[in-house]
Amino acid sequence: MNKLVEVTHKQPLIAVVGPSGSGKSSLVYAGLVPQLRTEKKWLIESFLPGKEPFLSLAFVLVGQLEPEAGETQKLREATGLASDMQEGKITFSQVVNRILERNPGQQLLLIVDQFEELYTLCREKEKQERFAEALLTAIREENVKLVLTLRADFYGYVLSYRPFRDALPEYTPQLLSSMKREELQQAIELPSQKSEVQLEAKLTEIILDDVGEEPGNLPLLEFALTRLWSKQENRVLTHHAYEEIGGVKKAIANHAEQIFQQLKETEKKQAERIFVQLVRPGEGTEDTRRVATRGEVGEDNWNLVSYLAGYQARLVVTGRNEQENTVEVVHEALIREWGTLRDWINASREFRTWQERLRATMSYWQENNRDQGALLRGVALAQAQEQLTQRQEELSPDEVEFIQLSQQLQEQEQKRKQRQRQRIFAGLVTFSVMISLLAVWSEMQRRQAIAMSAGIFTYYINIDNVT
Numbered sequence: 004m005n006k007l008v009e010v011t012h013k014q015p016l017i018a019v020v021g022p023s024g025s026g027k028s029s030l031v032y033a034g035l036v037p038q039l040r041t042e043k044k045w046l047i048e049s050f051l052p053g054k055e056p057f058l059s060l061a062f063v064l065v066g067q068l069e070p071e072a073g074e075t076q077k078l079r080e081a082t083g084l085a086s087d088m089q090e091g092k093i094t095f096s097q098v099v100n101r102i103l104e105r106n107p108g109q110q111l112l113l114i115v116d117q118f119e120e121l122y123t124l125c126r127e128k129e130k131q132e133r134f135a136e137a138l139l140t141a142i143r144e145e146n147v148k149l150v151l152t153l154r155a156d157f158y159g160y161v162l163s164y165r166p167f168r169d170a171l172p173e174y175t176p177q178l179l180s181s182m183k184r185e186e187l188q189q190a191i192e193l194p195s196q197k198s199e200v201q202l203e204a205k206l207t208e209i210i211l212d213d214v215g216e217e218p219g220n221l222p223l224l225e226f227a228l229t230r231l232w233s234k235q236e237n238r239v240l241t242h243h244a245y246e247e248i249g250g251v252k253k254a255i256a257n258h259a260e261q262i263f264q265q266l267k268e269t270e271k272k273q274a275e276r277i278f279v280q281l282v283r284p285g286e287g288t289e290d291t292r293r294v295a296t297r298g299e300v301g302e303d304n305w306n307l308v309s310y311l312a313g314y315q316a317r318l319v320v321t322g323r324n325e326q327e328n329t330v331e332v333v334h335e336a337l338i339r340e341w342g343t344l345r346d347w348i349n350a351s352r353e354f355r356t357w358q359e360r361l362r363a364t365m366s367y368w369q370e371n372n373r374d375q376g377a378l379l380r381g382v383a384l385a386q387a388q389e390q391l392t393q394r395q396e397e398l399s400p401d402e403v404e405f406i407q408l409s410q411q412l413q414e415q416e417q418k419r420k421q422r423q424r425q426r427i428f429a430g431l432v433t434f435s436v437m438i439s440l441l442a443v444w445s446e447m448q449r450r451q452a453i454a455m456s457a458g459i460f461t462y463y464i465n466i467d468n469v470t
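Sequence positions in the sequence shown follow the numbering used here and run 4 to 470.
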């Protein structure tokens, strides 16, 4: 952590890179941020890129520009600012300079957490590159620092953009490895000591043995300790309670399965519909969580979403974007460890991969004022029609409308082509009739000419005979 603080003072771009579950966000939020706040010279804002990275960025910037504004006003201002930054009417650097002018002597620390969302949730390459360019331009300004947390398996995505590929080697990334056993022991015991809660003898050693050295086990430890803490007896964390929750490896999966098995049969089907929408199938990478809208998980399923987000279940987290309610899994570890969810994902992988591509196409269509030229055609439309027939209940109203409008356009084009073919056919028939009539008329003229010639010939023969 001390090294991260030192690097933050020295360089404008700090990429904290590590495997999923290696503690990147915890290091930044629980280590770096509290340390910098003690210096009393930092303006600190953080956000996740999400599906609309410019809007996510604009919202935290508006919070600095208009600290007294209400949430509705902030959202309205952020929407306008995001649009202006995306279109180049206002630059991120201009906004940063305005913030620093209002706060003399301060430095701005901007944390972009889970930077991989720029590639998993925002699917438009042009928007990805514009956003990346905005960030890289801003760090050229004095007193601006940018911290990115990034999953290691998405590092190649970042490097595929040339300006980032040039910048990251210049500003040495902070690569996280697994926590050492001594560090994990402190993470387990220090909070208990501060709260005057004891662990039974040898419990720490058992927990450490279960955690092992796999980099993805830190979130499992976090969840297990949270569950264990809730089961303390007389301010003591016991072996019995630890075994009851399933230990580090099974705590989150056992909890999820327990909640799931308590649901009614109809609710279990709803739960499957909900959870498969909360996972983005990996394409050469691990599956990742995604933020789904109320429309995407289904209006009829939202009551169950509310229950799953409640105190007893705590399997999902609800929120709200600029338009509607949203939901996401409580932790990405749930995707890896809960067997039932893994089965759902694998069974729906082909459909969900197709659906994510459909959403990217639909998003482009919406951003281009629903231009007919961006609707589905050909093979893409045929695939969409098949999915609409087979799995309409898993499509959002917007997706259904997009497919149906594509179908309508295809039908209109087919009718137009049919009318065009009919006009061509009618023209050909008319032309054929005219040719036939001309042929008949020509034949009649020919015969009439022959007859006249024969008559004249006979007339002269008769004259010769008389003479």
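Beta carbons: idealized from backbone N, C-alpha and C, even for Gly. Owing to the predicted nature of the structure, the values given are computational and were not obtained by experimental measurement.
Taking residue i as part of the beta strand (DSSP E), name the residues at either end of that continuous run.
i	result
Gly21	Leu16 to Gly21
Arg323	Val319 to Arg323
Leu46	Trp45 to Phe50
Alpha carbon to alpha carbon, what distance is there between residue j and residue i?
i	j	result
Glu119	Ala135	12 Å
Pro70	Pro176	32 Å
Gln413	Arg380	7 Å
Asn5	Tyr32	13 Å
Val161	Cys125	13 Å
Glu145	Thr392	57 Å
Leu138	Lys130	12 Å
Gly430	Gln410	30 Å
Ala190	Leu149	27 Å
Phe263	Leu231	20 Å
Asp303	Arg297	9 Å
Gln326	Ala61	16 Å
Asn349	Thr329	23 Å
Arg293	Arg105	36 Å
Lys234	Ala244	6 Å
Pro172	Tyr314	45 Å
Leu16	Leu151	8 Å
Met437	Arg355	59 Å
Gly301	Ala316	20 Å
Ile114	Glu48	6 Å
Ile28	Gln388	The displayed chain sequence assigns Ser, not Ile, to residue 28. In a straight line, the C-alpha of Ser28 is about 42 Å away from that of Gln388.
Ser351	Val279	7 Å
If you run the structure through DSSP and keep just helix, strand and coil, what is residue i?
i	result
Arg373	coil
Ile191	helix
Ile93	coil
Arg292	strand
Glu331	strand
Lys148	strand
Val36	helix
Val200	coil
Arg283	strand
Leu398	coil
Leu124	coil
Leu240	strand
Gly430	helix
Gln315	coil
Ala72	coil
Glu359	helix
Glu42	coil
Gly26	coil
Starting from residue i, trace the alpha helix (DSSP H) both ways and give me its first and last residue.
i	result
Val63	Pro56 to Leu68
Glu299	Arg297 to Val300
Thr140	Lys128 to Ala141
Leu111	Leu111 -> not in any alpha helix (DSSP H); beta strand (DSSP E) instead, spanning Gln110 to Val115.
Phe118	Here Phe118 belongs to no alpha helix (DSSP H), and DSSP marks it neither H nor E.
Glu270	Glu268 to Val279
Leu221	Leu221 to Ser233
Ala261	It is worth fixing the name first, because residue 261 is Gln in this sequence and not Ala. Where Gln261 is concerned, the enclosing alpha helix (DSSP H) stretches over Gly250 to Gln264.
Asn306	Trp305 to Leu311
Ala383	Gly381 to Arg394
Thr11	Asn5 to Lys13
Thr207	Leu206 to Val214
Glu340	Ala336 to Glu340
Run the proximity test for residue i: is its beta-carbon closer than 7 Å to any non-hydrogen atom belonging to the ligand ATP?
i	result
Pro70	Summarising the ligand content, the structure contains no ligands, and the ligand ATP is consequently not present.
So, residue i versus residue j, is the Cβ gap smaller than 8 Å?
i	j	result
Glu80	Val65	yes
Gln196	Leu211	no
Glu246	Thr291	no
Leu281	Ala259	no
Tyr367	Ala377	yes
Val20	Ala155	yes
Val8	Leu39	yes
Lys251	Ala227	Per the sequence presented here, residue 251 reads as Val, with Lys not at that position. Yes; because the gap between Cβ atoms is below 8 Å, this pair is in contact.
Leu111	Leu68	no
**Prompt:** Taking only runs of the alpha helix (DSSP H) that begin and end inside the stretch 154-184, which ones reach a length of at least 4 residues, in chain order?
**Reply:** 158-162 and 165-173
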